[in-house]
């Protein structure tokens, strides 16, 4: 027989899949798992301070050692110097632009005979030539800079490359990249239009020599190109003059020939044809190097050693938690 009280309890409880259902009319109860309390900031700072005190000798040793190594490196590393030459465009300074000025004055007459006298962007063209691979290769060949740029690969005694493998020898493309990335820099002042060419190199005398020679050779190159172009234009105009029957056209061609002769004469007599040197490069003082920045290197080394000391202290502390707890309690 079933007890009366037991029967009422069994009727209010249903069991399904090992889960007990609440009786009808019962108030539901929810259990919420609360996250662990966040550690107090002061406790974190105290633990960190305790860690620093415990491993202060290790951290100090690593910081001082890194600073000494950085200072040693900054002393023994080969310094790098910078030589700068400041120039202005002849077109901007003198109001002349060689063939560019001629094109502005006589462009209409030149178009009548199918002659192109170029544009007025001579400064941009000169800067493009200054940083071009072809001009760089010309300077490297003229000054025989391959053994200088790649001195570690060059046998000074035998006057040949150290490696017998031709594929391992530095190429002109390597020299062009070296100048473009690490040695030569050209910048233009947007306000004044002045152009600064800088050369960064370990030999301060060579740096100044290269900066001045780069501008000198550029003027020679641009002057030679202008003379060639003027002579080509004169030859073409003479052919047109001999075949033209129009009096007006012959007069225009004659005037163009005169102007081309003037351009050729100007190129022959004007030494600073593309760029006028305002401030030539001088040899930097022996202590006026741009690299290494010794103070920055020493500070960076000391900070790196300090951070590495803290990291190493955390690893040691994590590897011996029992000892750490004892030292914290003490």
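In my numbering, the protein residues as written are 775 to 1104. Every residue, glycine too, gets a C-beta built ideally from N, C-alpha and C.
Mind checking residue i: buried by the 16 CB within 10 Å criterion, or exposed?
{"i": "residue 1067", "result": "exposed"}
{"i": "residue 930", "result": "exposed"}
{"i": "residue 864", "result": "buried"}
{"i": "residue 992", "result": "buried"}
{"i": "residue 855", "result": "buried"}
{"i": "residue 925", "result": "exposed"}
{"i": "residue 1089", "result": "exposed"}
{"i": "residue 936", "result": "exposed"}
{"i": "residue 916", "result": "exposed"}
{"i": "residue 1004", "result": "buried"}
With DSSP run on the structure shown, which of helix, strand or coil describes residue i?
{"i": "residue 855", "result": "strand"}
{"i": "residue 1052", "result": "strand"}
{"i": "residue 753", "result": "Absent from the model: residue 753. The displayed extent of the chain is 775 to 1104, so no value can be given."}
{"i": "residue 932", "result": "coil"}
{"i": "residue 870", "result": "Model confidence at residue 870 stands at a pLDDT of 44, short of 50, so the residue's coordinates are unreliable; what they give is reported in the following sentence. Residue 870: coil per DSSP, three-state reduction."}
{"i": "residue 1046", "result": "coil"}
{"i": "residue 941", "result": "helix"}
{"i": "residue 1091", "result": "helix"}
{"i": "residue 968", "result": "coil"}
{"i": "residue 1060", "result": "coil"}
{"i": "residue 837", "result": "helix"}
{"i": "residue 963", "result": "coil"}
{"i": "residue 976", "result": "coil"}
{"i": "residue 1016", "result": "helix"}
{"i": "residue 906", "result": "coil"}
{"i": "residue 875", "result": "With a pLDDT of only 49 at residue 875, under the threshold of 50, the placement of this residue in the model should not be trusted; the figure read from the coordinates follows. If DSSP states are grouped into helix, strand and coil, residue 875 belongs with the helices."}
{"i": "residue 981", "result": "helix"}
{"i": "residue 1084", "result": "helix"}
Please list, in chain order, all residues of the same chain as residue i whose beta carbon is under 6 Å from its beta carbon, the five residues on each side excluded.
{"i": "residue 970", "result": "858, 860, 961"}
{"i": "residue 997", "result": "1041, 1047"}
{"i": "residue 866", "result": "Here the model assigns residue 866 a pLDDT of 42, short of 50, so the residue's position is not dependable, and the following value carries that caveat. So the qualifying residues of the chain are 967."}
{"i": "residue 1105", "result": "Residue 1105 lies beyond the residue range present for the chain, which begins at 775 and ends at 1104; the question has no answer from this structure."}
{"i": "residue 903", "result": "909"}
{"i": "residue 972", "result": "856, 858, 959"}
{"i": "residue 914", "result": "949"}
{"i": "residue 940", "result": "none"}
Please return the same chain residues whose Cβ sits closer than 8 Å to the Cβ of residue i, not counting the five positions on each side in sequence.
{"i": "residue 956", "result": "974"}
{"i": "residue 1071", "result": "844, 845, 847, 848"}
{"i": "residue 1012", "result": "1031"}
{"i": "residue 1058", "result": "855, 856, 857, 978, 981, 982"}
{"i": "residue 987", "result": "913, 917"}
Quick test of your reading: residue i and residue j, contact by CB under 8 Å. State the CB separation rounded to the nearest angstrom.
{"i": "residue 901", "j": "residue 1087", "result": "With 8 Å as the limit, residue 901 and residue 1087 do not qualify as a contact, their Cβ atoms being about 55 Å apart."}
{"i": "residue 1158", "j": "residue 1050", "result": "Shown here, the chain extends from 775 to 1104; a query on residue 1158 therefore has no answer."}
{"i": "residue 1038", "j": "residue 1001", "result": "5 Å"}
{"i": "residue 745", "j": "residue 1014", "result": "The shown model of the chain, from 775 to 1104, leaves out residue 745, and the question about it has no answer."}
{"i": "residue 1091", "j": "residue 825", "result": "6 Å"}
{"i": "residue 976", "j": "residue 853", "result": "7 Å"}
Anyone know if the C-beta pair for residue i and residue j falls short of 9 Å?
{"i": "residue 905", "j": "residue 958", "result": "yes"}
{"i": "residue 1082", "j": "residue 919", "result": "no"}
{"i": "residue 1055", "j": "residue 949", "result": "no"}
{"i": "residue 899", "j": "residue 995", "result": "no"}
{"i": "residue 944", "j": "residue 927", "result": "yes"}
{"i": "residue 896", "j": "residue 923", "result": "no"}
Leaving aside the five residues before and after residue i along the sequence, list all residues of the same chain whose C-beta is less than 7 Å from its C-beta, in chain order.
{"i": "residue 1017", "result": "none"}
{"i": "residue 841", "result": "1072, 1075, 1076, 1079"}
{"i": "residue 851", "result": "1066"}
{"i": "residue 1084", "result": "833"}
{"i": "residue 1024", "result": "1015, 1018"}
{"i": "residue 989", "result": "859, 861, 971, 1049, 1051"}
Is it the case that the CB of residue i approaches a heavy atom of the ligand HEM more closely than 8 Å?
{"i": "residue 1001", "result": "Of ligands this structure carries none, so the ligand HEM is not represented either."}
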